[in-house]
Amino acid sequence: MGSAGSPGYWYEGALPTFTVGSVDFPMSSQAADLVMKTATVVSVVDPDANVRRSVAKLLRALGAQIEEFATAREFLDRLPTTIPVVLIAEARLPDMPGLTLLQELRARGLEMPVILLSSDADVTSAVTAMRAGALDFIEKPFIDRALVAQLSPLLELDGKPAH
Amino acid sequence: MKEKPATVFVVDDDDAVRTSLRLLLKSVGLPVETFASAQEFVDSFDAERAGCLVLDIRMPGMSGLELQQRLNEIHAIVPIVFITGHGDVPMAVEAMQHGAVDFIQKPFRDQDLIDRINQALEKDRDNRAGLKERDAIRRRMQQLTPREREVLDLVTQGKANKVIAGDLNVSQRTVEIHRARVMEKMGASSLAHLVRMVIEAERAT
Numbered sequence: 519m520g521s522a523g524s525p526g527y528w529y530e531g532a533l534p535t536f537t538v539g540s541v542d543f544p545m546s547s548q549a550a551d552l553v554m555k556t557a558t559v560v561s562v563v564d565p566d567a568n569v570r571r572s573v574a575k576l577l578r579a580l581g582a583q584i585e586e587f588a589t590a591r592e593f594l595d596r597l598p599t600t601i602p603v604v605l606i607a608e609a610r611l612p613d614m615p616g617l618t619l620l621q622e623l624r625a626r627g628l629e630m631p632v633i634l635l636s637s638d639a640d641v642t643s644a645v646t647a648m649r650a651g652a653l654d655f656i657e658k659p660f661i662d663r664a665l666v667a668q669l670s671p672l673l674e675l676d677g678k679p680a681h
Numbered sequence: 396m397k398e399k400p401a402t403v404f405v406v407d408d409d410d411a412v413r414t415s416l417r418l419l420l421k422s423v424g425l426p427v428e429t430f431a432s433a434q435e436f437v438d439s440f441d442a443e444r445a446g447c448l449v450l451d452i453r454m455p456g457m458s459g460l461e462l463q464q465r466l467n468e469i470h471a472i473v474p475i476v477f478i479t480g481h482g483d484v485p486m487a488v489e490a491m492q493h494g495a496v497d498f499i500q501k502p503f504r505d506q507d508l509i510d511r512i513n514q515a516l517e518k519d520r521d522n523r524a525g526l527k528e529r530d531a532i533r534r535r536m537q538q539l540t541p542r543e544r545e546v547l548d549l550v551t552q553g554k555a556n557k558v559i560a561g562d563l564n565v566s567q568r569t570v571e572i573h574r575a576r577v578m579e580k581m582g583a584s585s586l587a588h589l590v591r592m593v594i595e596a597e598r599a600t
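First to last, the protein sequences are chains B and W. Counting from 519, one number per residue, gives the positions in the first sequence under the numbering used here. Counting from 396, one number per residue, gives the positions in the second sequence under the numbering used here.
This is how it looks when you write it as structure tokens:
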């Protein structure tokens with residue numbers, strides 16, 4: 519447990535730490551801040567800015583932090599620093615099918631719930647996504663109710679509201 | 396006691412579908428039983444029987460989804476492959492969320508259905524093997540004396556012998572002896588193996 523540091527610089531109470539070998543080091547306030555924030559980050563990947571905006575609005579109301587991405591590549595590039603508690607992705611992203619993105623996450627050992635959205639889904643692709651472990655497969659444009667139903671318990675489970 | 400072979404239970408209100416599925420599945424050597432309604436299936440349901448369920452989603456009376464719900468309520472583990480002539484995405488997603496192994500639309504290729512059924516049967520075999528293993532572990536746990544059971548709980552919490560000795564107010568040597576007996580009775584090859592068995596035994600069925 520780290521104890522060094524000038525008063526006021528560290529968070530009060532239990533200090534967040536990171537471990538190297540057998541030694542725990544206190545984190546910088548910026549790093550701790552990042553960890554706190556990422557605790558309830560929900561990532562939204564959709565090329566349509568309107569969809570991102572409406573999902574973001576909904577999620578903020580639920581107390582989540584939102585990270586928006588237009589493509590799978592942008593999302594994957596950010597992954598090392600921001601691991602969301604839930605991923606919401608369009609099933610037909612311009613650079614990669616949502617299903618492939620889901621499989622990519624699982625291949626990296628990331629088991630967060632994944633919800634796919636689609637405006638022209640067929641039963642076969644929905645079933646394939648569910649078999650691959652998607653939490654839900656929601657048809658646009660009526661996504662709000664279904665998202666709230668899925669996310670409310672998840673966000674309460676995984677973290678406190680961010681605001 | 397010889398167990399009955401894994402059976403494909405087909406529930407569909409359409410006579411022609413039942414007949415063609417019966418012939419198809421028989422042709423590949425799979426035992427089949429057919430039912431004209433979900434209720435008929437419920438009435439003769441036996442959780443002990445291995446197999447899988449091929450279930451029409453829309454039927455008069457109890458629908459396929461309702462039957463799935465009924466089976467979930469009684470914690471039945473029979474894997475379900477839904478077939479439907481007119482499914483939509485929400486219906487398919489709901490069926491999958493409630494544990495269906497697959498959901499296929501008519502018309503389908505015979506081979507596709509057979510592949511899915513074989514996957515479902517394999518899943519059923521795995522589930523049943525898992526349950527059997529769990530029962531065996533639980534039986535072994537019941538062979539432990541109360542004191543050994545205490546030691547097992549503390550050991551699997553990751554406590555060292557010295558700490559356990561303090562907790563139970565006995566000598567470290569005594570803990571070692573109990574611990575060795577626990578490992579032997581449980582058939583555990585290592586602490587990790589023992590922990591895995593305890594986790595397995597505590598899983599809800």
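Positions of the beta carbon are idealized from the N, C-alpha and C atoms, including for glycine. In this text, all values refer to a predicted model and were calculated from it rather than measured experimentally.
By alpha-carbon positions, which one of the options ends up nearest to residue i?
i, options, result
"T589 (chain B)", "B:K575, B:A579, B:G616, B:V604", "B:G616"
"S572 (chain B)", "B:K658, B:Q668, B:P671", "B:K658"
"V488 (chain W)", "B:G627, B:S561, B:T558, B:V645", "B:V645"
"E468 (chain W)", "W:A583, W:A442, W:M454", "W:A442"
"D564 (chain B)", "B:R624, B:R578, B:I584, B:T558", "B:I584"
"I478 (chain W)", "W:L450, W:P455, W:R598, W:P485", "W:L450"
"L563 (chain W)", "W:G582, W:E543, W:M581, W:A575", "W:E543"
"V570 (chain W)", "W:E428, W:S584, W:L547", "W:L547"
"L577 (chain B)", "B:V562, B:D566, B:E622", "B:V562"
"V405 (chain W)", "W:R465, W:G424, W:K527, W:V476", "W:V476"
"G424 (chain W)", "W:A433, W:R504, W:I512", "W:I512"
"E608 (chain B)", "B:R570, B:T558, B:A574, B:A650", "B:R570"
"L507 (chain B)", "B:L628, B:T600, B:L635, B:G627", "With chain B represented from 519 up to 681, any question about residue 507 (chain B) goes unanswered, as that position is not in the structure."
"D566 (chain B)", "B:S670, B:R626, B:E586", "B:E586"
"V593 (chain W)", "W:E435, W:G553, W:I499", "W:G553"
"A647 (chain B)", "W:E595, W:M581, W:F498", "W:F498"
"G651 (chain B)", "W:V496, W:V558, W:P541", "W:V496"
"F503 (chain W)", "W:R591, W:E597, W:L416", "W:L416"
"A582 (chain B)", "B:T599, B:L594, B:L605", "B:L605"
"A531 (chain W)", "W:E597, W:E435, W:P455, W:D407", "W:E597"
"N568 (chain B)", "B:T642, B:I661, B:L594", "B:I661"
"N540 (chain W)", "W:I509, W:N556, W:I572, W:K557", "According to the sequence shown, residue 540 (chain W) is Thr rather than Asn. Nearest C-alpha to T540 (chain W): W:I572."
"T519 (chain W)", "W:E579, W:A445, W:L589", "First, the amino acid is wrong: residue 519 (chain W) is Asp here, not Thr. It is W:A445 whose Cα lies nearest to the Cα of D519 (chain W)."
"V577 (chain W)", "W:K527, W:F440, W:E545", "W:E545"
Round the Cβ separation of residue i and residue j to the nearest angstrom and send it over; I've been treating them as touching at under 8 Å.
i, j, result
"L460 (chain W)", "I452 (chain W)", "6 Å"
"R574 (chain W)", "V550 (chain W)", "6 Å"
"L673 (chain B)", "L580 (chain B)", "6 Å"
"T402 (chain W)", "V437 (chain W)", "Actually they are not in contact, since the Cβ atoms of T402 (chain W) and V437 (chain W) sit about 16 Å apart, beyond 8 Å."
"G666 (chain W)", "R535 (chain W)", "Outside the shown range of chain W, which is 396 to 600, sits residue 666 (chain W), and nothing can be said about it."
"A490 (chain W)", "Q463 (chain W)", "7 Å"
"S432 (chain W)", "D408 (chain W)", "6 Å"
"V632 (chain B)", "V484 (chain W)", "About 16 Å separates the two Cβ atoms, so there is no contact after all."
"K669 (chain B)", "I656 (chain B)", "First, the residue type needs correcting, since residue 669 (chain B) is Leu and not Lys in the sequence shown. About 11 Å separates the two Cβ atoms, so there is no contact after all."
List the DSSP bridge partners of residue i.
i, result
"H446 (chain W)", "For the record, residue 446 (chain W) in the displayed sequence is Gly; it is not His. Paired residues: W:T402."
"I584 (chain B)", "B:V560"
"D607 (chain W)", "The question about residue 607 (chain W) has no answer, for chain W in this structure spans 396 to 600."
"V484 (chain W)", "According to DSSP, V484 (chain W) bridges with nothing at all."
"T429 (chain W)", "W:V405"
"I475 (chain W)", "W:L448"
"A607 (chain B)", "B:V563, B:L634"
"P615 (chain B)", "B:R610"
"E657 (chain B)", "B:S636"
"D438 (chain W)", "BP columns for D438 (chain W) are empty, so no partner."
"D497 (chain W)", "W:V476"
Strictly below 8 Å CB to CB, what residues from chain W border residue i?
i, result
"E657 (chain B)", "V484, P485"
Residue i versus chain W: which residues are under 9 Å apart at the beta carbon?
i, result
"D654 (chain B)", "V488, Q492"
From the beta carbon of residue i, is the nearest beta carbon of chain C less than 9 Å away?
i, result
"A647 (chain B)", "This model lacks chain C altogether; the protein chains it does include are B and W."
inquiry  = Beta carbons nearer than 9 Å to chain W: which residues of the stretch 629–648 of chain B have them?
reply    = S636, A639, D640, V641, T642, S643, A644, V645, A647, M648
### Query
When you check each C-beta in the stretch 484–502 of chain W against every C-beta of chain B, which residues fall closer than 9 Å?
V484, P485, M486, A487, V488, A490, M491, Q492, A495, V496, D497, F498, I499, Q500
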